Structures are given as structure tokens and as C-alpha cells.
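For reference, the structure discussed in these notes is given below.
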Amino acid sequence: MDFTDQRLSYEKGTLDQTSIPESPFELLHAWMGEAIEQSVQEPYAMSLATCGMDNKPSVRIVLLREITATGIIFYTNYESSKGQDIAENPNAEALFFWHELERQIRISGKIAKIDATKSAAYFQKRPHDSQVGAWVSQPQSGEVANREVMEEKFAQLQADYPETLAVPTPEFWGGYEITVEKIEFWQGRANRMHDRLVYVQDNNEGRPTWTTKRLLP
Numbered sequence: 008m009d010f011t012d013q014r015l016s017y018e019k020g021t022l023d024q025t026s027i028p029e030s031p032f033e034l035l036h037a038w039m040g041e042a043i044e045q046s047v048q049e050p051y052a053m054s055l056a057t058c059g060m061d062n063k064p065s066v067r068i069v070l071l072r073e074i075t076a077t078g079i080i081f082y083t084n085y086e087s088s089k090g091q092d093i094a095e096n097p098n099a100e101a102l103f104f105w106h107e108l109e110r111q112i113r114i115s116g117k118i119a120k121i122d123a124t125k126s127a128a129y130f131q132k133r134p135h136d137s138q139v140g141a142w143v144s145q146p147q148s149g150e151v152a153n154r155e156v157m158e159e160k161f162a163q164l165q166a167d168y169p170e171t172l173a174v175p176t177p178e179f180w181g182g183y184e185i186t187v188e189k190i191e192f193w194q195g196r197a198n199r200m201h202d203r204l205v206y207v208q209d210n211n212e213g214r215p216t217w218t219t220k221r222l223l224p
């Protein structure tokens, strides 16, 4: 398949360095709010890139579940391939791409597990069958003989934990936070003259401050 003649002109917005806020979190909140208002499908879906000791990058879609004062939180299986990467290398990057708004956000930083109590509180908020499904993935990314094996385990767990009974939070499941060190906002523009503004964190006497730079498209 040849896509060399397929292209679009991005002309839906601009990004002016003189009018952006001092904190990237203000702009992150604003852009996320606009994506929600514009009914972007799952605007909180993000590509998460990790790399373990084998130096082979790996990327997959995960769902953002919280923006904190210092970073972003998602939840997953600690024994998964990504969990193994994170245990070996605490550096990660997340990417949001909203085609409807012709925007991207790239977030880079250190990643670490969040408090187990907070993870358990979120787990209990999930739909009952999603809680049950988390127990099927043990370990996530592990090999399984066929789908029937998964379905049988899921059915057995549903019988063990009916809707009236709380599903325990797995010890192998919980949240990670990427503490933001760098965040780039990308706004598509005509003629591939895109706007790219990046915030880089400076450690000013223990207090985080931000430097902004414009990047060539």
C-alpha cells in the first residue's frame, strides 16, 4: 500500500509562545478540557513508551486516569511487559494525539508506583467485571493456550466473586505516575509549519520552575 499521495493541511489552530501560561499543567488542563468539549473520543487515551534493559523500546495505549500537581497517573498490571520495563528503567514517555484538534502532547519523565491505598481505591471504583478481568491477566502479556482458557477462568472468578461480593485488589495491579520533566505541545499548522512549544523543568533551589522553548517543526 502506497500512502505517499495522502496528506492533509492542518489549519485548525495556532500556539503562541507569548500567551502560554507559566506552568505546563495549566495548558495541559486547558487542552484536555477542549478535547472533552469537542467530543474527542477517549481524549485520555495515550501511547506509553518504555524501554527495559534490553534497550528495545515498547509502546502501547493506556488510559490516563488522573492529572496531579506533578504528573500523570495510569493503572496497569505490575507483572506486565511494561511493568518489567519500568522496573528496569524508570524513564518513560507518553503521547496524546487528538486528530480532531490537530494537536499532540508529549510528556517525558520518571515513572514510579503510586501508593497502594490509592490504587486499591481506584480498583474498587472500576466496573465489577473489569475487576474480575484483572485477575485473569496473571501475568498480563503471558502466553495462554487459547481463549477458552481465559473464558473459563473469567467464569470461575465471576462465580467466586458475584456482584454482591467485593473483588479483592490484586497485589500485582496498581497505578504508576509519570513525574513530568519535559512536556511538548504540538499544534498542526499549514505547510507543515507546525507550532511546537516545549516546557523543560528547572530545579530552582528545590522549587520546580519551567523554561519554555520553541522548536522547529
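Every number in my numbering is 7 more than the matching position in the sequence shown, counting from 1.
Even for Gly, the Cβ is constructed at its ideal location relative to N, Cα and C.
Predicted model, so just to flag it, every value in this text is computed and none were measured.
- prompt: Residues in its own chain within less than 7 Å of Ala42 by CB, not counting five upstream and five downstream?
  reply: Pro50, Trp105 and Leu108
task: Give every residue of the same chain whose Cβ lies closer than 8 Å to the Cβ of Ile190, excluding the five residues on either side of it in the sequence, and list them in chain order.
output: Pro31, Leu35, Ile112, Arg113, Ile114, Ser115, Val205 and Tyr206
- request: Note down, in chain order, each residue of its chain lying with its Cβ closer than 7 Å to the Cβ of Val139, except the 5 sequence neighbours on either side.
  value: Phe161, Leu164, Gln165, Tyr168 and Val174
task: Let me know if Ala99 comes out buried or exposed under the rule of 16 or more other beta-carbons within 10 Å of its beta-carbon.
output: buried
message: Within 10 Å of its beta-carbon, does Ser137 have 16 or more other beta-carbons around it, so buried, or fewer, so exposed?
response: exposed
message: Using the three-state DSSP reduction, which class does Glu73 fall into: helix, strand or coil?
response: strand
field: For Thr83 and Met8, the rounded distance between their alpha carbons
entry: 35 Å
message: Quick check on this structure: which residue in Asp61, Pro224 and Ile79 has the alpha carbon closest to the alpha carbon of Met200?
response: Pro224
- request: Excluding the 5 residues preceding and the 5 following Phe103 in the sequence, name in chain order all residues of the same chain whose CB lies nearer than 6 Å to its CB.
  value: Met53 and Ile112
message: Going by the DSSP bridge assignment, what does Ser267 pair with across the sheet?
response: The shown model of the chain, from 8 to 224, leaves out residue 267, and the question about it has no answer.
field: Burial state of Asp122, where buried means 16 or more other Cβ atoms lie within 10 Å
entry: exposed
field: Alpha-carbon spacing of Lys89 relative to Tyr183, whole angstroms
entry: 11 Å
field: Extent of the continuous beta strand (DSSP E) to which Phe179 belongs
entry: Unbroken run through Phe179: none, as it is neither H nor E.
field: Coarse secondary structure for Ile190, derived from DSSP in three states
entry: strand
message: Taking its Cβ as the centre, do 16 or more other Cβ atoms sit within 10 Å of Thr57, making it buried, or is it exposed?
response: buried
Assigned exposure category for Gln194 - 16 Cβ within 10 Å defines buried: buried
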